[in-house]
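Encoded as structure tokens, the structure appears first; notes follow it.
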Amino acid sequence: MAQTSSIEWTDVTWNPVAGCLVITPGCTNCYAMRMAARLEAMGIAKYEGLTRKSGKRYVWTGKVRLDEASLEAPLKWRKPRKVFVNSMSDLFHPDVPADFVAKVWSVMERTPQHTYQILTKRPERMREVITSLGLSAMEHVWLGTSVEDAAVLSRLDDLRATPAIVRFVSFEPLIGSVAGANLDSIHWAIVGGESGPRARPMDEAWVDEIRRNCLATGTAFFFKQWGGTNKKATGRMLHGREWNELPESATSLG
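Residues in the sequence shown are numbered consecutively from -18, following the working numbering.
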């Protein structure tokens, strides 16, 4: 139902939805496509038919699967956790019904001991669904969007227009300069290079642009990784140190 995560900025992943679709260049080498293909090969029915072979790699088919059985998993966790919602999908994929999103919201509302991190590449639909359903903004539910390069900076505007107490952006995989990013009312920025066999390089200058931008707006800065074909070898040191800042509301998590 959930898995302890090796992702540096969270504790566990919770996937009430599985499956997605490639929509922009940031999706090209998505690790979740490779993982979904492996899980299907292991006989896990939840991931059957969610990817297809394209050349030497697997890509999303665009099909999504709702996993009602996993919805109540967080209700069983007593110890507070940072929970990445839908690491294997996008809660705001157009084929995820609004009423299912409402069910996810209900579970989060009932478990304020956890901090939920919802990351989407479709912040325009996130804004529309949350607004139309009148879903409440909660301090323990952080809403975020992915921005891989300057072509999708408008996602930040949709995020800003979404009712939320904590907003964050994941600049990962960072495949181009985002020097023009407006981080006003964005509380947290995660930066990371692409990893995996086809990883595209990340320029240090792009990272420094974001860090300076964060300093100017008071946005917490978290440097996740340099990435590459061997992300353990490249590590996550930037200018001789690790950067693990979190939004102010996270201080209660210790």
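Even for Gly, the Cβ is constructed at its ideal location relative to N, Cα and C. It should be emphasised that the depicted structure is a prediction, and the values quoted were computed from it without experimental measurement.
Touch test, the segment 188 to 208 against the segment 159 to 172, Cβ-Cβ under 8 angstroms, three pairs minimum: A contact is defined here as three or more CB-CB pairs under 8 angstroms, and the segment 188 to 208 meets this definition with respect to the segment 159 to 172.
Proximity test, Cβ basis, 8 angstroms: residue 68 and chain B: The structure shown contains no chain B; it is built from a single protein chain.
Where residue 114 falls, given that 16 or more other Cβ within 10 Å makes a residue buried: By the neighbour-count definition (other C-beta atoms within 10 Å, threshold 16), residue 114 is an exposed residue.
Nearest-angstrom beta carbon gap, residue 172 and residue 153 [assumed within contact, 8 angstroms]: Right, the Cβ-Cβ distance comes to about 7 angstroms (below 8 angstroms), so this counts as a contact.
Beta-carbon contacts of residue 67 that lie in its chain and below 6 angstroms, excluding the five residues immediately before and after: The beta carbon of residue 67 is closer than 6 angstroms to those of -4, -2 in its chain, skipping five residues each way along the sequence.
Ranges of the beta strand (DSSP E) found wholly within the segment 107 to 153, counting only runs of at least 3: 122 to 127, 147 to 152, all fully within the segment 107 to 153.
For residue 173, the three-state DSSP class (helix, strand or coil): Residue state, collapsed to three classes: strand.
Counterpart residues of residue 70 in DSSP-defined beta bridges: The partner list for residue 70 (beta bridge, DSSP) reads 0.
Assumed close pair residue 46, residue 73 - CB separation to whole angstroms, cut-off 8 angstroms: Contact check for residue 46 and residue 73: beta-carbon distance about 16 angstroms, past the 8 angstroms limit, so the pair fails to qualify.
Spatial neighbours of residue 64 in its chain, beta-carbon cut-off 6 angstroms, leaving aside the 5 residues before and after: Answer for residue 64: -7, -5, 95, 97, listed in chain order.
Where the alpha helix (DSSP H) through residue 12 begins and ends: Run containing residue 12: 12 to 22, per the alpha helix (DSSP H) assignment.
Where the alpha helix (DSSP H) containing residue 215 begins and where it ends: 212 to 215 is the span of the alpha helix (DSSP H), which, as asked, contains residue 215.
Beta-ladder partner(s) of residue -6, from DSSP: DSSP, once it has assigned bridges, lists -16, 65 as partnering residue -6.
Closer than 7 angstroms: residue 208 CB and nearest the ligand NAP heavy atom: In terms of ligand content, the structure shown is empty, and the ligand NAP therefore cannot be addressed.
Inter-residue spacing [alpha-carbon to alpha-carbon] between residue -12 and residue 12: Approximately 12 angstroms, taken between the alpha carbons.
Residue from 119, 101, 99, 175 with nearest C-alpha to residue 90: Considering only alpha carbons, the answer is 119.
Spatial neighbours of residue 283 in its chain, beta-carbon cut-off 8 angstroms, leaving aside the 5 residues before and after: With the chain running from -18 to 235 in the structure shown, residue 283 is simply not present.
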